[in-house]
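Undergrad:
Residue numbers (the numbering used here): 804 to 1210.
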């Protein structure tokens, strides 16, 4: 069995892990850093909503992992089997180990496709689709183009999930296409969400409700998808009045989500399975030389790529401060962004932090995030993918400079 040693080990080479690695190397180029992830490909997941809406092609959201790992960072193409934080050791699936001085945990979350009976075997056929998977987002667009009449269901499971706006983004882009094709009056649209409201930050709800009403969508709150019969095209839900069945011609499913199994069973997790960190410093509450970044944490922020982009510099600064014995720490304010694609060409750009505090990037004179905007659409469609590949994953921290916490 081989053992490798590094100054910093990072578990997970998704958006959060690579951004954290790049931010660390920008600040301290002599640091030895390992990224541990078995995946061959890296995906720009925020683009999958646009694939499902016919705006992007799926291949534009994918690149080889080898091409995005930062320079002078060691990529270990393995899965982590076990954490031994008391010994600063990771055990990998091939029996080898990694010893670290500091650790960043950023493997994202787990999509629980099996959490809905019948979903796995029907996904990608029988009118059952999801923008939460690379291989089925194109099927969403195929279904939308072919549907001229009938019933379209869109579902959202219990929180937390990544990109909580994505389930309704699929609805809006689909409905907008049907409106433009003149067949919207012939399609019954229902949004079945486990949540008690349309969106977690009330300030954005009025603008969203204008589109719900424009598209004639029926809202079913506290309604959770439990089973799909693809052959009969029937979806079963648990709601306020018990179990009910709904026929469908197409159904867009957002799967239940949870922490990865290897995180749940580790010493790093809280009672719900998420990595247990301080919500401001992102440092582990029990192991001082461990930080987390991205969707795997138990911080009460929206789980989005924009959140990971804001968190990565905080993790980098605080980890290096820890190494230097510096007590000045950066703080994360819970920033997350959800560009809600309410129609082709317009977006409600929701930007908010802990407690639902509005945290707009631009002055109202340039962009009012509470209203649909063409400027926000161009940000999402044209600028943000470029920023992701060429700034966030390269350690360029434009508009994400962390604030130093007051002592």
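The C-beta atom is built at its ideal place from N, Cα and C for all residues, glycine as well.
As the structure is a prediction and not an experimental result, all values here were calculated from the model.
Under a three-way DSSP split, which group does residue 1087 fall into?
TA: Three-state result, residue 1087: strand.
Undergrad: Considering residue 1055, what are the terminal residues of the beta strand (DSSP E) in which it resides?
TA: Note, residue 1055: beta strand (DSSP E), 1053 to 1055.
Undergrad: Just grab the DSSP bridge partners of residue 991 for me.
TA: In DSSP, residue 991 forms a bridge with 954.
Undergrad: Run through DSSP, which three-state label would residue 1183 get?
TA: Helix at residue 1183.
Undergrad: For residue 1089, does the count of other Cβ atoms within 10 angstroms reach 16, so buried, or fall short, so exposed?
TA: Under this definition residue 1089 is an exposed residue.
Undergrad: Quick check: what's the CA-CA separation for residue 874 versus residue 1118?
TA: Distance between the alpha carbons of residue 874 and residue 1118 is about 19 Å.
Undergrad: Is it buried or exposed, residue 1169, if we count other Cβ atoms within 10 angstroms and call 16 or more buried?
TA: By the neighbour-count rule (16 or more Cβ atoms within 10 Å), residue 1169 is not buried but exposed.
Undergrad: For a quick check, are the C-beta atoms of residue 903 and residue 842 less than 8 Å apart?
TA: In this structure, residue 842 does not lie closer than 8 Å to residue 903 by Cβ.
Undergrad: Locate the alpha helix (DSSP H) running through residue 1065, then write down its first and last residues.
TA: Counting along the chain, the alpha helix (DSSP H) containing residue 1065 begins and ends at 1064 to 1067.
Undergrad: Over what stretch of residues does the beta strand (DSSP E) that includes residue 970 continue unbroken?
TA: Taken as a continuous stretch (DSSP letters only), residue 970 belongs to no beta strand (DSSP E), being part of the alpha helix (DSSP H) at 969 to 984.
Undergrad: How do the segment 1008 to 1025 and the segment 966 to 985 stand: do at least 3 beta-carbon pairs fall below 8 Å, yes or no?
TA: With the cut-off at 8 Å, the segment 1008 to 1025 and the segment 966 to 985 touch.
Undergrad: At what residues does the alpha helix (DSSP H) containing residue 1142 begin and finish?
TA: Note, residue 1142: premise wrong, no alpha helix (DSSP H); beta strand (DSSP E) at 1139 to 1146.
Undergrad: Apart from the five residues just before and just after residue 804, which ones in its own chain have a Cβ nearer than 6 Å to its Cβ?
TA: These residues qualify, in order along the chain: 898, 899.
Undergrad: Between the segment 878 to 892 and the segment 831 to 841, are three or more C-beta pairs nearer than 8 Å?
TA: Cβ pair count under 8 Å is three or more, so yes.
Undergrad: Quick one: measure Cβ to Cβ for residue 1095 and residue 1080, integer angstroms, because I've assumed they're closer than 8 Å.
TA: Contact holds; Cβ gap of about 5 Å.
Undergrad: If you count every other CB in all the chains shown that lies within 10 Å of the CB of residue 1158, and 16 or more means buried, which is it?
TA: When all chains shown are included, residue 1158 counts as exposed.
Undergrad: Just to confirm my understanding: we take residue 1039, look at its own chain, exclude 5 residues before and 5 after, and list those with CB closer than 6 Å. What are they?
TA: 1029, 1030, 1048, listed in sequence order.
Undergrad: Which runs of the alpha helix (DSSP H) at least 4 residues long sit entirely within the segment 1093 to 1161? Give them in chain order.
TA: If we require 4 residues or more, the alpha helix (DSSP H) runs fully inside the segment 1093 to 1161 come out as 1108 to 1127.
Undergrad: Which of helix, strand or coil does DSSP assign to residue 1035?
TA: Of the three classes helix, strand and coil, the one that applies to residue 1035 here is coil, per DSSP.
Undergrad: Tell me residue 1061's beta-bridge partners as DSSP assigns them.
TA: Paired residues: 913.
Undergrad: According to DSSP, is residue 937 helix, strand or coil?
TA: If DSSP states are grouped into helix, strand and coil, residue 937 belongs with coil.
Undergrad: Given this structure, state the Cα-to-Cα distance separating residue 1146 from residue 825, to the nearest angstrom.
TA: Rounded to the nearest angstrom, the two C-alpha atoms are 35 Å apart.
Undergrad: Nearest to residue 1181 by alpha carbon, out of 1192, 1150, 1161?
TA: Of 1192, 1150, 1161, the residue nearest in Cα terms is 1150.
Undergrad: Could you tell me how far apart the beta carbons of residue 937 and residue 1188 are, in whole angstroms, since I believe they sit closer than 8 Å?
TA: That belief does not hold up - the Cβ atoms of residue 937 and residue 1188 are roughly 15 Å apart, past 8 Å.
Undergrad: Nearest to residue 991 by CA position, among 1194, 1054, 943, is which residue?
TA: It is 1054 whose Cα lies nearest to the Cα of residue 991.
Undergrad: Would you call residue 1176 buried or exposed, if buried means 16 or more other Cβ atoms sit within 10 Å of its Cβ?
TA: Buried, because 16 or more other Cβ atoms sit within 10 Å of the Cβ of residue 1176.
Undergrad: Going by DSSP, name the residue or residues bridged to residue 892.
TA: Note: residue 892 sits in a beta bridge opposite 887, 902.
Undergrad: Give me whichever residues DSSP pairs with residue 1046 in a beta bridge.
TA: In the DSSP output, where bridge partners are listed per residue, residue 1046 has 1041.
Undergrad: Anyone know if the C-beta pair for residue 1058 and residue 942 falls short of 8 Å?
TA: Not a contact, by the Cβ cut-off of 8 Å.
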